[in-house]
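Participant:
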Amino acid sequence: TMGAALSALFAYWGGLSAVIFGKARLDDLRLGAPHDSVRSRIHIYGLALHLNMWSCAHYRSGTFANDMRKNLRNVAVPGSGIALSLFCWNYLAGLFLLWVGVPICVTIAALAEGGTSGFTELFRLRLLEPREWFFYWRLNSVLASYHAMHTGDSGYELEDKLAFLEACEREQVPASPWLSEPKLIVKHRNEEGGMGLQFFSNATAGGDWIIQHALSNADEIAQLLPANAPLSTLRLISISSAVLRAKNEEAVPDDITILSACWRAGRAGADTDHKSILFDVDLRSGEILGGTTSSHWYQLGLLAATRCPWRSENHTITQHPDNGVTIAGQFIPQMDKIREIVAHAHMSMCPGVPIIGWDVALTREAGICLLEANLSCNFFRATFDEDAYYSFVGRVFSVLEREAAK
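For what it's worth, my numbering labels the leading residue of the sequence shown as 1, then goes sequentially.
1) Drop a sphere of 10 angstroms on the beta-carbon of Q299, count the other beta-carbons inside from all chains shown, and report buried for 16 or more, exposed for fewer.
2) Within its chain, find whatever has a CB closer than 8 angstroms to the CB of Y45; leave out the 5 residues flanking it on each side and keep chain order.
3) On the CB-based measure, 16 or more other CB atoms within 10 Å of its CB, does H35 come out buried or exposed?
4) Going by the beta-carbon positions, is the gap between G155 and V353 smaller than 9 angstroms?
5) Around the Cβ of D67, are there at least 16 other Cβ atoms within 10 angstroms (buried) or fewer (exposed)?
6) Is the beta carbon of A24 closer than 9 angstroms to that of A305?
7) Could you tell me which uninterrupted beta strand (DSSP E) segments, each at least 3 residues in length, are contained entirely in the stretch 196-234, listed from first to last along the chain?
8) Return the chain-ordered list of same chain residues with a C-beta closer than 8 angstroms to the C-beta of V173, the five sequence neighbours on each side being excluded.
9) Report the option in L231, A405, D387, R402 whose CA atom is closest to the CA atom of I42.
10) Give the secondary structure of G290 by DSSP, where H, G and I count as helix, E and B as strand, and everything else as coil.
11) Would you say A4 and R124 are within 9 angstroms of each other, going by their C-beta atoms?
12) What are the boundary residues of the alpha helix (DSSP H) that includes K161?
13) Is it the case that the Cβ atoms of R264 and L234 are separated by a distance below 9 angstroms?
14) How about W358 and F134: do their beta carbons lie closer than 9 angstroms?
15) Using only alpha-carbon positions, find the residue among G367, G290, L302 that is nearest to N314.
16) The beta strand (DSSP E) that contains F379, what's its start and end?
In structure tokens, the structure reads:
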């Protein structure tokens, strides 16, 4: 009924108000029956922190607002064509997005999916307990930023890709090889007079660039892909319960839990696997499960907005659309070794960071290797134990709040 939908909306607004204006802690936040749940409290708390941390220092972007401006500039609510970064240019625009924009988008999405008959429950779930990948990504980003702000853990230095590669070398974690030449020159074959030259100074010599040989997919991976597909990587997400204990306690291997795995099957002609089909992967067996996409969230401009779908189905793709090869039911090789590499990397290099997304490549040239660690990470629509995830996130927020209150 409309009354039930309004009840959910007022619970949403009430929760935002309590955290943004009343500075309520997560442990004290309550939304009232029948809307109060662990998921809904953490979701609304995480949204509110986007504003509460607006001008706070950020581990990679100066301020949290700057980080949103950078990382939301290519993301748009499907069908809108409007980059979400536009709502991050000032605090009031961000407040408008949370207060008005989110309920409007949820209303449209609920009507599109369930019509008038299923509207009320879909509206409540999408507003208070959403399962869209975007909200998980934003919650992970808020968690990392809030944790880094309160702890200053050295693990956040791994956001620098050279620091990450050097840490891998120290801890004997296999990573993509890189070159140490101080400078690289790229010259166009048909230009002269000093034109057509590009100079790149290596980060190892104080420059901005990491210089590496291009890697190609291992044969077991390449056979599933079109001939001109990019390097197609796995994304594994791991969490560290070491962040829940006293600072003077050493981390142990059992602190690391791997939550999910996704394989990004790159599209034909793409430079990277950011254009891909997202296949869920069984963490234990390595079996590739159904695939899906999130590309409809990256369509900017009016023309793209009118052409893109509103939503994508949940893991219904079984074949690669560019070559017709059946991928669902195939297996990622050496999944045990991949899990071991990721767990060892989190444990040895950055156990004080709560959640990390690891990009893992299976290559002809370097075997299994890590490409980078993503500290504000995206599940890429992989399935995972949602109850365990929300329990962990809630406990991390609670520990940080209690420490800050001392």
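Positions of the beta carbon are idealized from the N, C-alpha and C atoms, including for glycine.
Facilitator: In this structure, then:
1) buried
2) G15, V19, L26, L29, F397
3) buried
4) yes
5) buried
6) no
7) 197-201
8) A167, I341, H344, A345, S348, M349, L370
9) D387
10) strand
11) yes
12) 161-170
13) yes
14) no
15) G290
16) Counting along the chain, F379 falls outside any beta strand (DSSP E), and DSSP gives it neither H nor E.
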